[in-house]
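Each remark here refers to the structure printed beneath this line.
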Amino acid sequence: MSLHPQPIGPVPEETARVAHAVFPRGHAYLRLRDELGPIYEDAVFAGLFPTRGQPAEAPWRLALVTVLQFAEGLTDRQAADAVRSRIDWKYALGLELSDAGFDHTVLSEFRARLVTGQAVDLLLELLLRRAEALGLLRARGRQRTDSTHVLAAVRVLNRLERAGETLRAALNSLAVLAPDWLQGIAPPAWYERYGHRVEHATLPHSEAERRQQAALIGADGQHLLHAIDHAVEQPWLQQVPAVQVLRQVWAEQYVTEAGGLRWREVKEIPTPAEMISSPYDPEARYSSKRSVDWVGYKVHLTETCDPDRPHLIVNVETTPAAVADEVMVPVVHAALARAGRLPAEHLVDAGYTDAPVLLESRRAYGVTLIGPVSEDPSWQARSGDGFTKADFSVDWERQVVTCPAGKHSISWLPHTYPKNGMTWEARFARKDCTPCPLRSRCTRAKLEPRIVGLQTRDHFEALQAARRWQRTDEFRQRYAARAGVEATHAQAVRRSGLRRTRYIGLAKTHVQHVATAAAVNVLRLAAWCAGTPFATTRCSHFAALQPLAR
41 MSLHPQPIGP VPEETARVAH AVFPRGHAYL RLRDELGPIY EDAVFAGLFP TRGQPAEAPW
101 RLALVTVLQF AEGLTDRQAA DAVRSRIDWK YALGLELSDA GFDHTVLSEF RARLVTGQAV
161 DLLLELLLRR AEALGLLRAR GRQRTDSTHV LAAVRVLNRL ERAGETLRAA LNSLAVLAPD
221 WLQGIAPPAW YERYGHRVEH ATLPHSEAER RQQAALIGAD GQHLLHAIDH AVEQPWLQQV
281 PAVQVLRQVW AEQYVTEAGG LRWREVKEIP TPAEMISSPY DPEARYSSKR SVDWVGYKVH
341 LTETCDPDRP HLIVNVETTP AAVADEVMVP VVHAALARAG RLPAEHLVDA GYTDAPVLLE
401 SRRAYGVTLI GPVSEDPSWQ ARSGDGFTKA DFSVDWERQV VTCPAGKHSI SWLPHTYPKN
461 GMTWEARFAR KDCTPCPLRS RCTRAKLEPR IVGLQTRDHF EALQAARRWQ RTDEFRQRYA
521 ARAGVEATHA QAVRRSGLRR TRYIGLAKTH VQHVATAAAV NVLRLAAWCA GTPFATTRCS
581 HFAALQPLAR
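In the working numbering, the protein residues as written are 41 to 590.
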């Protein structure tokens, strides 16, 4: 399909007349068109289409339909029907009342073009530029970020189910691509064993029987891979995605020994971040956070939270589920810097903060990261009466540490275990520590003296300063605004199903998240233009009586 960009005209007169008659008090989508004007233009998407071929649907309309679709949580078919049947959509899209719309498959094709052309973020970026032009969005204000889990569109499988279903998925794929070849190498028993989904069969309960079943599946998978590797006339079979997934899962779940394949022990399998959880979405990963275990992804939403402007989502990051929050702060800041939307203050929860991130945010981007850092996890801190690192005085120039009893360290050496984040270790003399009357509050070692592990100076001082500040009323007052981002998650979940991906793979899931963010922004901009005030925290009728109680 080819694209020949066309100028965007006004809303047709009859469409406008009927829309204003039907909605005399206004409507969000009518205000969207009247106040913001056209958000997208064909020329921006020109690189996604060839110059020859059948004319394509106007991409500016497809982009807006995609946003409206996620604003209401519609399927492609429902969204295409809304274009044909709803006056508010026709008004926003500038269509005649008689316009018959388009086939619903056009929407999936458009999303595929966005992914292939690396233009997914345009759905959000162009809307934000329009908000900036209207003075509704500014840089160097205040922003907040939080993440939430996203369930993959797959069934959760245990290890044995995963192995069997991975082999079955490969067989089904090959049955479509090379049916004659597969018939020639498949033993008759495979049709009974892998002709139905694994969960439809009764899996063995005892450990010995499960290992026997795993060995049987492993041998069948190895037989298939061996046949594929020796298919001289079909070398392309090795490049089939389901076959590549099969090969990777077998490497994760089995180990080759002299006697053949062996089912790996639990301690031998890769970490969840490295291991495929489902053959139907190889990029989905297992993760756990507090009471939530899931297979899928994680989404990080960053929004503005200035009191005098609408709260708009300005950045969306989609990651595999196992990616830690703290590594995403530099990613978010880099994206905001490229767009010219860095905040002055950035509110985050404890998952995003540590000393290196605090320093990097300030030095590289001029952003003050506001969020609680982890408290000292040592037994001295937990006891409430022990001497923590904060109770020791560090002379960085002389490389000497002084303990609460006034004794000085006798050595300053690179830390024995640098992987724990410490760079230096300062050791005290046994002759000072052993007879010290404060020893029970300092160390539990029977004979050895106290050893103090230290980060680099800037990291150590930043962490100690952050711990002191987060105990103050000033911090609590400034940090209170972070809680509002939970409402953004709630709105995106209710409206667009944020926590369940519709699609397979990280790239397509990111399309859903960007479209969801744009949809939330559209609704908020429409509410702002209508003069709707920010909602307050809900309070039950009973709780509202509390100040009056005596």
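C-beta: ideal position from N, C-alpha, C; glycine also.
Exercise. Return the CA-CA distance between Tyr294 and Leu217, expressed in angstroms with no decimal places.
Key: Residue mapping note: residue 294 aligns to position 254 of the sequence shown, counting from 1. Residue mapping note: residue 217 aligns to position 177 of the sequence shown, counting from 1. About 27 Å.
Exercise. For the beta strand (DSSP E) containing Ser433, list its first residue and its last residue.
Key: Taking the first residue of the sequence shown as 1, we reach residue 433 at position 393. Where Ser433 is concerned, the enclosing beta strand (DSSP E) starts and stops at Ser433 to Asp435.
Practice problem: Would you kindly work out how many angstroms separate the C-alpha atoms of Ser423 and Arg484, rounded to a whole number? | Solution: Within the sequence shown, numbered from 1, the residue matching residue 423 stands at position 383. Within the sequence shown, numbered from 1, the residue matching residue 484 stands at position 444. The C-alpha of Ser423 lies about 12 Å from the C-alpha of Arg484.
Quiz item: So, Arg170 versus Leu76, is the Cβ gap smaller than 7 Å?
Solution: Here the question's residue 170 lines up with position 130 in the sequence shown. Here the question's residue 76 lines up with position 36 in the sequence shown. In this structure, Leu76 lies closer than 7 Å to Arg170 by Cβ.
Exercise. Go through its chain and collect everything with a Cβ distance to Ala555's Cβ below 7 Å, but skip five positions before and after it.
Key: As a working note, residue 555 is residue 515 in the sequence shown. By the criterion of a C-beta distance shorter than 7 Å, Ala555 is surrounded in its chain by Thr106, Val107, Phe110 and Leu163, once the five residues flanking it on both sides are discounted.
Practice problem: In the DSSP assignment, find the beta strand (DSSP E) that holds Gln288 and state where it starts and stops. | Solution: Reading the sequence shown from its first residue, position 248 is the one you call residue 288. Per DSSP, Gln288 belongs to no beta strand (DSSP E); it is in the alpha helix (DSSP H), Pro281 to Gln293.
Exercise. Any chance you could list the beta strand (DSSP E) runs of at least 3 consecutive residues sitting entirely within the stretch 144-221, in chain order?
Key: If we require 3 residues or more, the beta strand (DSSP E) runs fully inside the stretch 144-221 come out as 182-191.
Quiz item: Do we get a CB-CB distance below 7 Å when we pair Gly380 with the residues of chain B?
Solution: Among the chains of the structure shown, chain B does not appear; only one protein chain is present.
Quiz item: How many Å lie between Ser331 and Arg92 at the Cα?
Solution: Residue numbering aside, residue 331 sits at position 291 when the sequence shown is read from its first letter. Residue numbering aside, residue 92 sits at position 52 when the sequence shown is read from its first letter. When only Cα atoms are considered, Ser331 and Arg92 end up about 54 Å apart.
Practice problem: Tell me, to the nearest whole angstrom, how far the beta carbon of Val560 is from that of Gln586; I am working on the premise that it is less than 8 Å. | Solution: Residue numbering aside, residue 560 sits at position 520 when the sequence shown is read from its first letter. Residue numbering aside, residue 586 sits at position 546 when the sequence shown is read from its first letter. Val560 to Gln586, Cβ: 32 Å. No contact.
Self-check item: Span of the alpha helix (DSSP H), counted from its first residue to its last, around Asn561
Solution: Within the sequence shown, numbered from 1, the residue matching residue 561 stands at position 521. From DSSP, the alpha helix (DSSP H) with Asn561 extends over Leu546 to Cys569.
Self-check item: Simplified DSSP assignment, three categories, for His340
Solution: Residue mapping note: residue 340 aligns to position 300 of the sequence shown, counting from 1. Correct three-state label for His340: strand.
Self-check item: Where Lys447 sits in the DSSP three-state scheme
Solution: As a first step, residue 447 must be located in the sequence shown, where it is residue number 407. Coil, per DSSP.
Self-check item: Cys482 vs Arg490 beta-carbon contact at 7 Å
Solution: As a first step, residue 482 must be located in the sequence shown, where it is residue number 442. As a first step, residue 490 must be located in the sequence shown, where it is residue number 450. The answer is yes: Cβ separation under 7 Å.
Self-check item: the stretch 498-505 / the stretch 387-398 touching (three or more Cβ pairs under 8 Å)
Solution: Cβ pair count under 8 Å is three or more, so yes.
Quiz item: Just how far apart, CA to CA, sit Trp568 and Cys443?
Solution: Working through the sequence shown from its first residue, we reach residue 568 at position 528. Working through the sequence shown from its first residue, we reach residue 443 at position 403. Each residue's Cα considered, the two are about 58 Å apart.
Quiz item: At what residues does the alpha helix (DSSP H) containing Trp129 begin and finish?
Solution: In the sequence shown, residue 129 corresponds to position 89, counting from 1. Here the alpha helix (DSSP H) through Trp129 covers Ile127 to Leu133.
Quiz item: Considering His386, what are the terminal residues of the beta strand (DSSP E) in which it resides?
Solution: Taking the sequence shown and counting its residues from 1, one reaches residue 386 at position 346. Membership of His386 in the beta strand (DSSP E) is indicated by the continuous run Glu385 to Leu387.
Exercise. Less than 8 Å between the CB atoms is what I'm expecting for Gly336 and Val190, so what's the real figure, rounded?
Key: Indexing the sequence shown from 1 puts residue 336 at position 296. Indexing the sequence shown from 1 puts residue 190 at position 150. Rounded to whole angstroms, the Cβ separation of Gly336 and Val190 is 5 Å, and the two are in contact under 8 Å.
Exercise. Please classify Asp82: is it buried, with 16 or more other beta-carbons within 10 angstroms of its beta-carbon, or exposed?
Key: The residue given as residue 82 occupies position 42 in the sequence shown. Asp82 is classed as buried because its beta carbon has at least 16 other beta carbons within 10 Å across all chains shown.
Quiz item: Taking contact to mean at least 3 C-beta pairs separated by less than 8 Å, is the stretch 125-143 in contact with the stretch 152-166?
Solution: In short, these stretches do not touch, since the Cβ pair count stays below three.
Self-check item: Limits of the unbroken beta strand (DSSP E) element including Trp276
Solution: Along the sequence shown, read from residue 1 onward, the residue named residue 276 stands at position 236. Premise fails: Trp276 is in no beta strand (DSSP E) and is neither H nor E.
Self-check item: Supposed close pair Ala379, Thr408 - CB separation, criterion 8 Å
Solution: The residue given as residue 379 occupies position 339 in the sequence shown. The residue given as residue 408 occupies position 368 in the sequence shown. In fact, because the Cβ distance is near 19 Å, the residues do not count as touching under 8 Å.
Quiz prompt | Residues sharing a beta bridge with Gly493, DSSP | solution = Numbered from its first residue, the sequence shown carries residue 493 at position 453. Looking at the DSSP assignment, Gly493 forms a beta bridge with Glu465.
Quiz item: Between Gly446 and Thr496, what straight-line distance do the alpha-carbon atoms span, to the nearest angstrom?
Solution: Along the sequence shown, one-based indexing puts residue 446 at 406. Along the sequence shown, one-based indexing puts residue 496 at 456. Roughly 23 Å separates the two Cα atoms.
Exercise. With DSSP collapsed to three states, give me the class of Leu301.
Key: What you label residue 301 is simply residue 261 of the sequence shown in a count that begins at 1. In the three-state scheme derived from DSSP, where H, G and I count as helix and E and B as strand, Leu301 is classed as strand.
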